[in-house]
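My numbering numbers the first residue of the sequence shown as 35 and each following residue consecutively. Before any comments, here is the structure.
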Amino acid sequence: MVKEQADSKKYLRIIYLISILIPLVVAFLIFFPTKLSMSGDWVKMLPGLHAMVNSLTVVTLIAALVAIKKGNVRVHRSFMFASLFLGVLFLLSYVTYHSSVESVKYGDLNHDGNVDESELAVAGTSRVVYLVILASHILLSILVVPFVLFAFYYALSNQIERHKKMVKFTYPVWLYVSITGVIVYFMIKPYYF
Numbered sequence: 035m036v037k038e039q040a041d042s043k044k045y046l047r048i049i050y051l052i053s054i055l056i057p058l059v060v061a062f063l064i065f066f067p068t069k070l071s072m073s074g075d076w077v078k079m080l081p082g083l084h085a086m087v088n089s090l091t092v093v094t095l096i097a098a099l100v101a102i103k104k105g106n107v108r109v110h111r112s113f114m115f116a117s118l119f120l121g122v123l124f125l126l127s128y129v130t131y132h133s134s135v136e137s138v139k140y141g142d143l144n145h146d147g148n149v150d151e152s153e154l155a156v157a158g159t160s161r162v163v164y165l166v167i168l169a170s171h172i173l174l175s176i177l178v179v180p181f182v183l184f185a186f187y188y189a190l191s192n193q194i195e196r197h198k199k200m201v202k203f204t205y206p207v208w209l210y211v212s213i214t215g216v217i218v219y220f221m222i223k224p225y226y227f
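Here is the structure:
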């Protein structure tokens, strides 16, 4: 019993640490004035990969929900691990991209890194819609990480009631983040060069 409590505290500390480190590292790499030099244009193809990974995540999350509704825990677990794997893949690719390339700005038609008055006029209200979706996507993607990790921890440690309570909030947020990731990509895709 004492060992189980010590292990539990250890895993909870790891979840908290990961949940704090991920947004800090991502923010640092995005806002750091100097970008890493990755050779090749392959880095510029990563946003398309991000959209594909987010799309696959939507599929695996929905498949996991269908499986658990049918009572198939084994299939549910497989799809959830696939979703987690895709999340890690996305994060690694996202960090690689944003640590190597300047962020693209919605409405920046001439690709100079600024959105001037004439470009704002062309973008119109779609820019506001994009920024609202992007802001909710980013905020919720940061907030959902610890909940996803706790949900996995509770499931793996056979704390099923706690797992069920956690996923009532976590699942729809994770699904929303994955769906809006695809929407954000397709909205900003015309501004990539």
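Glycine residues also receive a C-beta, built at the ideal position from the N, C-alpha and C atoms. Since we're looking at a predicted model, the values are computed, not measured.
Assuming contact is defined by CB atoms lying nearer than 8 Å, are ALA185 and HIS171 in contact in what I supplied? no
The alpha helix (DSSP H) enclosing TYR87, as first and last residue numbers: The question names Tyr, but residue 87 is Val in the sequence shown. VAL87 -> alpha helix (DSSP H) spans 80–103.
Would you kindly work out how many angstroms separate the C-alpha atoms of VAL93 and VAL211, rounded to a whole number? 13 Å
So ALA155 and TYR140 are supposed to be a Cβ contact under 8 Å. How far apart are they, rounded? Contact doesn't hold; Cβ gap of about 14 Å is too wide.
Below 8 Å on the Cβ atoms is my guess for VAL207 versus LEU168; work out the distance and round it to an integer in Å. 16 Å between Cβ atoms; not a contact.
Note down the Cα distance separating TYR187 from GLU153, rounded to an integer number of angstroms. 47 Å
Determine contact between the segment 102–109 and the segment 51–61, defined as no fewer than three beta-carbon pairs at a distance below 8 Å. no
Taking Cβ to Cβ, would you say ILE48 is nearer than 8 Å to SER137? no
Please work out which residues of its chain come closer than 8 Å, Cβ to Cβ, to VAL216, disregarding the five sequence neighbours upstream and downstream, and give them in chain order. ALA85, ASN88, SER89, VAL92
Rounded separation between THR214 and ILE194 - CA only: 29 Å
How long is the line joining the alpha carbons of TYR128 and PHE113, rounded to whole angstroms? 22 Å
Could you check what DSSP says for TYR140 in three-state terms: helix, strand or coil? coil
Three-way DSSP call (helix, strand, coil) for LEU226 in this model: Before going further, note that residue 226 is Tyr rather than Leu in the sequence given. Residue state, collapsed to three classes: coil.
Alpha carbon of LEU125 to alpha carbon of LEU95, nearest angstrom: 17 Å
Would the beta-carbon of TYR225 fall within 8 Å of that of ASP142? yes
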